[in-house]
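One structure is given below, encoded as structure tokens.
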Amino acid sequence: MNASVIEKAAHFDLVRFVYNVSAAGSFLLGMLLNVLLIYLIYAKTVKAMRIYSRLLLHSCVMDILIVIVSTAVQPILVVDHGYRAVFQNGIFRNLPQPYAYMMNVLWIQMLLFFMVSTTTQFIFRYFLLSRDGQIPGTVLWSMGMFAMVLNLFHIVLLTWSDYPREHYREAMADLTVRVQQETGVTDVKFTSFTWARSFPWLCHVVVMVVLFSTCYIVIGICAVKIRRYVGNTFARGQNKNAPSGICSATLLRKEKMREYNNEITRALIVQAVLPTFEAAAMLTQIFLPIFYPNDATVFIILYIAIPLYFAPVLNPLATILLVKPYRRAVLTFIFGRRVNIGATTGAFIVSERTNFSKYPTTNAFSMNVQQQQMSDENAQPNRV
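Reminder that position 7 of the sequence shown reads as -10 in my numbering, one-by-one numbering, no gaps.
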């Protein structure tokens, strides 16, 4: 019995154990936080904010899909002596080719779609703010077509660049032995394999670098335009000739607008930074074998995919922390009493725009609020 225990300990697969724990933890936390966020979106979103809840729901659905696929596939990346390979730790690892490779493609496509959808959220947010909640049909159609063509193109490019073809058989056998000897991983079956300096793989790398750079450029442009639009809207709302009571209200709105600007800026920064960790992890295992083809980095690089598992956890957590109605609801539940943390961010997105519309604007929704405000003032007794 002791010999059996010693034998099992000697064959303890640390890498697979770490991936199993990471996948289970990310799955439980990701599902819990995203389901919680979906509940908060439906139960705690103020009426003026409901038009924006579709973006948040889209993020939740994407995170849930990614965490399910990541847990089922559990890809483990390997870089060694100029080769880049992937083997799986999930339930599909014993599938024959090409089905095992299809699971790799599904996982990578989900990560790509996550990055692209993050970019589209910035575009949608800009149009929702600047176009009174209306997104042009041409924008929706063009973005939908672009996403479909991009996914099909990337699937073809990826299959061309890293499918484990027959001429890699000897190299795969050698790398399998090295991985088992250095890390103790058992039952290694590569579902993706390529020479990192091969022409197809370099083409894939160039396309992905251009795509990710374009996404971040679009995110930056949208962030600047959103801040500029909010600043211009605030400037239009000031009127130095207004009565003192209105001036006081304007000052109050100014403070609220400052708070709103700070919060929306933090939200934009966080949403832009989160995919950066994903990109950094992927770029590390992509560029190492290209620039250091003679080095062995098996043990270190094996764990590079783990941070990708927790992107669906960080996304809803950041949203809950940054959106005040959701944060207040969670803190109230934890501490058992209402926590006063100020006005809601959601109300600012629309109401701060419409509060300025006491003075003429072209916003139809603002005109309705203007009429309501004038009715309230007429109902008050005249001052001497």
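Cβ atoms here follow ideal geometry from the backbone N, Cα and C, with glycine treated the same way. Computed from a predicted model, the values in this text were never measured in an experiment.
query = Which residues share a DSSP beta bridge with Tyr66?
reply = Asp63, Trp178
message = Going by DSSP, what residue range makes up the alpha helix (DSSP H) through Ile106?
response = 82 to 113
ask   = Apart from the five residues on each side of it in sequence, which residues of its chain come closer than 7 Å, Cβ to Cβ, to Arg(-1)?
value = Asn72, Val168
message = With H, G and I counted as helix, E and B as strand and the rest as coil, what does DSSP make of Phe173?
response = strand
query = Are three or more beta carbon pairs between the region 12 to 23 and the region 46 to 65 nearer than 8 Å?
reply = yes
Sub-8 Å separation of Leu140 and Cys205 beta-carbons = no
query = Leaving out five residues before and five after Leu300 in sequence, what residues of the same chain have Cβ atoms less than 8 Å from its Cβ?
reply = Leu16
query = If we ignore side chains and look at the alpha-carbon of each, how far apart do Val1 and Val62 end up?
reply = 18 Å
task = For Pro58, write down the residues that DSSP places opposite it in a beta bridge.
result = Gln71
inquiry  = Under 8 Å, with one C-beta from each stretch per pair, do the region 88 to 101 and the region 53 to 60 reach the 3-pair mark?
reply    = yes
ask   = Where does Tyr22 land, buried or exposed, given buried means 16+ other C-beta within 10 angstroms?
value = exposed
task = Output the distance between the C-alpha atoms of Asn134 and Thr174, rounded to the nearest integer angstrom.
result = 20 Å
inquiry  = With distance defined between alpha-carbon atoms, name the residue in Gln104, Val296, Val188, Leu257 nearest to His41.
reply    = Gln104
inquiry  = Assuming His137 is part of the alpha helix (DSSP H), what are its boundary residues?
reply    = 120 to 145
ask   = Helix, strand or coil: which one does DSSP assign to Val162?
value = helix
task = Look at the alpha carbon of Val189 and the alpha carbon of Ser196, and state the distance between them as a whole number of angstroms.
result = 11 Å
ask   = Thr302 lies in the alpha helix (DSSP H); which residues open and close that run?
value = 294 to 305
query = What span of residues does the alpha helix (DSSP H) with Arg(-1) cover, start to end?
reply = -3 to 27
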